[in-house]
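Notes follow once the structure below has been shown.
Numbering (UniProt numbering), first residue to last: 1 to 525.
Right, here's the structure in full:
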C-alpha cells in the first residue's frame, strides 16, 4: 500500500520560455476517425493537432471558483419527440424513452448512442455497450437524435460531488524509490511544452527544461519521453513517447538520460512509416508491424459481427483479427517484461504516443509491479497511463465532435487483454471480470469525469478535478467491492501470459450479455 508523500520540487529557477508550436502532424492515417455510414464522408485529425488555446485565459480560469460548465444550446428548441407509440425526451445528457403501453422509463446516456436502424418502419437505438432499445415508428426520429447530439450537453450526466483520485504522482514517486536521481518537475506548467501531457511529471534531475523542449520539438505532437516505470533493483526504466519527426536528427540524448544503463531497446510500433534512426552502438530498435486505429476499428466491428454468430465464430478463431491483435499486444508486453527483468531499459514508441503506447505500457506495469494488480493500483494505472497521458477519450467517444459512432477502441482492446491475463492467472490479480466490465460500461454512462475529456488540460479548464465523481469514486464510494475483489488474490503469486490464440477468451460474458444472455451466463469462453 502506497502511503508516503513528498513535496513537489519547484522549478522557479528555470526562466519561463515562449510557447512552443506543435510539431508537424505525422504523415499517416493513424488518427483517422472511423465514420458511421449514415453520417459524414470526410475525416478529421486527432484533437492533439488543434491550435494552442490562449494559456493566459486558461490559467486565469484555474483560479476562479469551480462551477458546472454551462450547457450548450439545446437542439432547435425541440427536446421532446413524439412517435407513433413512444415519446423520447432529451434531459441532462440522456434520452428518456417512454412507451404508450408501458409507463417504465428507459434512460440512455447520449454518449452511449452508436446508431439507429430501421426495420419495416420500426426504429431501434443501437448502443455502444451492445444494448438495443426498440422505439417503434416515428418519422424524423433519426434526424432529431443525431441533430440534437450536435447541440445537447453530452456531459449533462456528470455528477458534481467532492471526489478522490486513485493516482497521486508524489505517492508513485515514493513507491518507485528513485529519489536520488529523479524528481517531480513542473516543466510542463501551463502545458507550454506538450498540451496532451500533465503538468507534473517524474523526470531525471540532471535533465534541464531546455533539453526537454528540444526533445519535444523533434517528436510528433511534442510528446517527449515520459517515465512509465522504474526498476529500483537494476536502475533500468520503462518509458514511452511519440515517434521522431521524419527528417529530424533522431533524439537519443534524452532517452539515455533516463537511464544509467548502457543498453536501451526501442520498441517501435510505427506503422508503414520509415523514420530516420541515428543510433548509438548500445541502442537497439525492434520494429513491430502493427495496426493503425482505422484498421483496429475494422477488426473490432468484424469481431462483434462474428461473435453474434456463435455457430460460426469458433470455426473462424484463427482468422479473427481482433483476437490476433490481443495476442500481439500480450506478446510484446511479455517481451518487454523479459527485457526489464534482465536490467535492460525499454522505450515504447508509436506515431502519436497515445493508443498503442498506453496499451503496452499498462500491460507492462501489470506484469512488472504487483501494486497495479490491486483494485486501487489498477484504477491508478488507468488514470496514469490513459487519462493523464492524454488518450483522447472525448474525441473517441464522440463528445466534442460529430462522430458519435466512434469508440475508444484501443482502451477496449487493453481491457480485453486484461481479461485474458485474469483468466490465465486466477490468483495473481485482485481485480475481477465484473470490475473490468463495470469499467467498460462507465465509458458510456457519462457519470464520471474519467472518460469525458481528452487531457488534463481540458479537465482543468472546466474545473472538474476534485469536484465531480471519478471512476475510483464510483467503485469505492457508491458500490460494494465484494464482486469486484478476487478473494483468492495472492500478492506473491507469479504472473505469466500466453499469446496463444486458444488461450485468449472471446469474452462472451461481456459481448453477448444482451444478444445471447443464456450463452453469456455460461461464460465458457
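Ideal Cβ positions, reconstructed from N, Cα and C, are used throughout, including at glycine.
Requested in this report: Provide the residue(s) that pair with residue 127 in DSSP beta bridges, ordered along the chain.
Outcome: Checking the DSSP bridge columns, you'll see residue 127 partnered with 113.
To the nearest angstrom, how far is the alpha carbon of residue 531 from that of residue 125?
The displayed coordinates of the chain run from 1 to 525. Any statement about residue 531 would go beyond what the structure contains.
- What does residue 335 pair with, by DSSP beta-bridge criteria? Residue 335 is not bridged by DSSP to any residue.
**Request:** Classify residue 470 as buried or exposed, calling it buried when 16 or more other Cβ atoms lie within 10 Å of its own Cβ.
**Result:** Around the beta carbon of residue 470, a 10 Å sphere encloses 16 or more other beta carbons of the protein chains shown; the residue is thus reported as buried.
Would you decide whether residue 116 is buried or exposed? Buried here means 16 or more other CB atoms lie within 10 Å of its CB. By the 10 Å Cβ count, residue 116 comes out buried.
Check: Shortest alpha-carbon distance to residue 400 belongs to which of 497, 150, 356, 438?
Finding: If we check each option's Cα against that of residue 400, 150 comes out closest.
- Going by other Cβ atoms of all chains shown within 10 Å of its Cβ, with 16 needed for buried, is residue 524 buried or exposed? For residue 524, the number of other beta carbons within 10 angstroms of its own is below 16, and it is reported as exposed.
query: With burial defined as no fewer than 16 other Cβ atoms inside 10 Å of the residue's Cβ, what is the status of residue 505: buried or exposed?
result: By the C-beta density criterion, residue 505 is buried, having at least 16 other C-beta atoms within 10 angstroms.
- Item | Distance between residue 427 and residue 408 (C-alpha atoms, nearest Å) | So the two alpha carbons sit approximately 29 Å from each other.
Minimum length 3: unbroken beta strand (DSSP E) runs contained in the segment 182–237: Listed in chain order, they are 182–185, 201–204, 226–230.
Tell me the DSSP secondary structure of residue 434 in three-state form. Of the three classes helix, strand and coil, the one that applies to residue 434 here is helix, per DSSP.
Practice task
Could you check if residue 508 is buried or exposed, using at least 16 other CB atoms within 10 Å of its CB as the buried criterion?
Solution key: Around the beta carbon of residue 508, 16 or more other beta carbons sit within 10 angstroms, so the residue counts as buried.
| query | How big is the Cα-Cα spacing for residue 175 and residue 229? | reply | If I take the Cα positions, the gap works out to 10 Å.
Q.
I'd like to know if the segment 134–149 and the segment 341–358 are in contact, where contact means that at least 3 CB-CB pairs between them fall below 8 Å.
A. Flag = no, the segment 134–149 and the segment 341–358 do not touch.
task = Quick one: grab the DSSP three-state call for residue 87.
result = DSSP places residue 87 in strand when its eight states are reduced to three.
Please determine, among 322, 297, 127, the residue with the shortest C-alpha to C-alpha distance to residue 307.
Checked all of 322, 297, 127; the closest Cα to residue 307 is 322.
What is the rounded straight-line gap between the Cα of residue 17 and the Cα of residue 193?
Residue confidence is low: residue 17 scores 35 on pLDDT, short of 50, so the model does not pin down where it sits. No coordinate-derived value is stated.
Discussion item. What would DSSP say about residue 173, mapped onto helix, strand or coil?
Written reply: Annotated three-state conformation of residue 173 is helix, per DSSP.
Check your understanding: In its own chain, which residues sit with a C-beta less than 8 Å from the C-beta of residue 86, not counting the 5 before and 5 after it?
Key -> Excluding the 5 residues flanking it on each side, residue 86 has same chain C-beta neighbours closer than 8 Å at 97, 98, 99, 100, 135, 136, 138, in chain order.
Say whether the segment 357–369 touches the segment 202–217, bearing in mind that this needs 3 or more beta-carbon pairs closer than 8 Å, one atom from each stretch.
Output reads no: the segment 202–217 does not touch the segment 357–369.
Q) For residue 78, which residues from the same chain have a beta carbon less than 8 Å from its beta carbon, with the 5 sequence-adjacent residues on both sides left out? A) Annotation for residue 78: 144, 148 place their beta carbon closer than 8 Å to its own, counting only its chain and skipping 5 residues before and after.
query: Which stretch, first to last residue, makes up the alpha helix (DSSP H) that contains residue 508?
result: Element bounds for residue 508: 508–511.
Q. Buried or exposed: which applies to residue 195, given that a residue is buried once 16 or more other Cβ atoms fall within 10 Å of its Cβ?
A. So residue 195 ends up on the buried side.
What's the C-alpha gap between residue 21 and residue 304? The predicted position of residue 21 is uncertain, since its pLDDT is 45 and thus under 50; no value can be drawn from it.
- Message: Among the candidates 198, 514, 511, whose CA atom is the shortest distance from the CA of residue 168?
- Response: Ranked by Cα distance from residue 168, the first of 198, 514, 511 is 198.
Give the single residue among 513, 315, 339, 384 whose Cα lies nearest to the Cα of residue 285. With respect to the C-alpha of residue 285, the residue from 513, 315, 339, 384 having the closest C-alpha is 339.
Practice prompt. Name the residue from 211, 346, 398 whose alpha carbon lies nearest to the alpha carbon of residue 235.
Written response: It is 346 whose Cα lies nearest to the Cα of residue 235.
Measure the alpha-carbon distance for residue 35 versus residue 490 and round it to whole angstroms. The predicted position of residue 35 is uncertain, since its pLDDT is 27 and thus under 50; no value can be drawn from it.
Please return the same chain residues whose Cβ sits closer than 8 Å to the Cβ of residue 502, not counting the five positions on each side in sequence. Once the five neighbours on either side are set aside, the close Cβ partners of residue 502 are 317.
| task | State the Cα-Cα distance for the pair residue 512 and residue 476, rounded to the nearest angstrom. | result | The C-alpha of residue 476 is placed about 27 Å away from the C-alpha of residue 512.
| said: Tell me which residue opens and which closes the beta strand (DSSP E) that residue 268 is part of. | reply: 264–268 is the span of the beta strand (DSSP E), which, as asked, contains residue 268.
Handout entry: Any non-hydrogen atom of the ligand NAD within 7 Å of residue 269 CB
Key = Looking for the ligand NAD in the displayed structure turns up nothing, as the structure carries no ligands at all.
For this session: Provide the residue span of the beta strand (DSSP E) that contains residue 502, from first to last.
Result: Careful: residue 502 lies outside any beta strand (DSSP E) and carries neither H nor E.
Are the beta-carbon atoms belonging to residue 382 and residue 300 less than 8 Å from one another? With contacts defined as CB atoms closer than 8 Å, residue 382 and residue 300 fail to qualify as a contacting pair.
Just to confirm the assignment, what range does the beta strand (DSSP E) spanning residue 136 have? For residue 136, the enclosing beta strand (DSSP E) has its first and last residue at 132–136.
Alpha helix (DSSP H) containing residue 417: first to last residue?
Counted as a single uninterrupted DSSP element, the alpha helix (DSSP H) harbouring residue 417 occupies residues 409–424.
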